[in-house]
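Quick note: the sequence shown uses our numbering, first residue 1, plus one each step. The beta carbon of each residue, even a glycine, is placed where N, CA and C say it ideally should be. Notes for the one structure printed next.
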Amino acid sequence: MPDHDEPTRLDDFLSSIQGADPFAEVADASEAHRVEHASTLAGGEQECGVYPSSALKMRLLAAIGRATNAKRVLEIGGGLGYSALWFADFVGDGGLVETIDRFAEHVEAIRRYAERFGMGDRISALAGEADDIMLTLDSTYDIVHDDGWFGAQPSYYDRLADLVRPGGLLVMSNWFLLEHAVTGQSPVDWSQVLGPTWAEEIKSYARRLAADERYDVSFVQRPAVALAYRRTDA
Ligand SMILES: C[S@@+](CC[C@H](N)C(=O)[O-])C[C@H]1O[C@@H](n2cnc3c(N)ncnc32)[C@H](O)[C@@H]1O
Ligand SMILES: [Zn+2]
Numbered sequence: 001m002p003d004h005d006e007p008t009r010l011d012d013f014l015s016s017i018q019g020a021d022p023f024a025e026v027a028d029a030s031e032a033h034r035v036e037h038a039s040t041l042a043g044g045e046q047e048c049g050v051y052p053s054s055a056l057k058m059r060l061l062a063a064i065g066r067a068t069n070a071k072r073v074l075e076i077g078g079g080l081g082y083s084a085l086w087f088a089d090f091v092g093d094g095g096l097v098e099t100i101d102r103f104a105e106h107v108e109a110i111r112r113y114a115e116r117f118g119m120g121d122r123i124s125a126l127a128g129e130a131d132d133i134m135l136t137l138d139s140t141y142d143i144v145h146d147d148g149w150f151g152a153q154p155s156y157y158d159r160l161a162d163l164v165r166p167g168g169l170l171v172m173s174n175w176f177l178l179e180h181a182v183t184g185q186s187p188v189d190w191s192q193v194l195g196p197t198w199a200e201e202i203k204s205y206a207r208r209l210a211a212d213e214r215y216d217v218s219f220v221q222r223p224a225v226a227l228a229y230r231r232t233d234a
């Protein structure tokens with residue numbers, strides 16, 4: 001699933017004034033990994049799927065996580081661990097980030113990077129399909145980051161709401177697709193990747209989220225991320 005939340009000149013300027021990305025090495029390794037892994041997969045780069053988050057998005061999520069004193073984070077779609085490291089940084093000592101990925105080689109890399117950055121005790125990488133792993137979890141989380149969905153409402157949509165604690169936050173990456181769907185302008189022909197009805201499916205998922213009484217949802221476009229506050233009264 002290509003990211004194609006392509007950096008703009010504004011993104012480049014902001015990155016240049018915001019100081020070094022402490023985990024840039026893992027983002028770079030993720031890009032290189034995807035090309036290499038793709039050569040062994042019938043579905044190529046999209047099947048590997050390791051498109052790391054942007055540093056701008058992770059800075060925003062780190063600010064939210066710190067301000068809300070988030071201690072428990074669940075992530076669907078760990079990749080090589082780039083976003084998990086940002087989460088682990090703000091949950092602090094005693095906090096825990098659990099991150100799910102379907103590829104054993106991704107999970108091994110997450111564990112390796114967690115150790116390398118001294119965060120081995122704060123990151124737990126879980127190997128398997130999100131649908132299966134999420135059924136085994138009996139905790140609730142301050143923040144759930146869904147970086148696994150792409151192009152349509154995920155099969156685990158209802159399970160997400162069980163796992164975000166009331167008063168917590170469901171964060172969904174990849175919502176740059178909504179602007180592409182609504183404006184009809186995109187750097188990528190998504191119908192080749194997601195099928196001919198992709199734009200309708202994206203808009204339909206956005207409508208479903210916006211109407212879901214369990215959440216108050218904001219669709220942010222720069223950086224592209226949807227934030228769904230889990231209401232305490234629903
Ligand atoms: C966009 S990448 C994650 C990038 C990572 N969060 C980061 O910022 O570096 C998506 C990852 O999710 C995994 N994935 C996607 N859907 C999944 C599912 N249903 N169950 C388990 N893993 C999934 C893919 O294997 C891929 O590694
Ligand atoms: Zn891969």
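With a cutoff of 8 Å on beta-carbon distance, residue 29 and residue 21 are scored as not near each other.
Not a single heavy atom of ligand 2 lies less than 7 Å from the C-beta of residue 35. Between ligand 2 and residue 201, a heavy atom-to-CB distance of less than 7 Å is absent. Residue burial annotation: residue 13 is exposed, with fewer than 16 other C-beta atoms found within 10 angstroms of its C-beta. In the three-state reduction of the DSSP assignment, residue 150 falls in the coil class. In the three-state DSSP reduction, residue 219 falls in the strand class (E or B). When DSSP reads this structure, residue 171 sits in a beta bridge with 145 and 227. Ligand 1 never approaches residue 143 closely enough for any of its heavy atoms to be under 7 Å from the residue's Cβ. Per DSSP, reduced to three states, the secondary structure at residue 73 is strand.
In this structure residue 75 is buried. Its beta-carbon is surrounded by 16 or more other beta-carbon atoms within 10 angstroms. If you draw a straight line from the Cα of residue 31 to the Cα of residue 111, it comes to about 18 Å.
Distance from the C-beta of residue 50 to the nearest heavy atom of ligand 2 is below 7 Å. Remark: C-beta atoms of residue 125 and residue 78 approach each other more closely than 8 Å. Cβ atoms of residue 177 and residue 151 come within 8 Å of each other, at about 7 Å.
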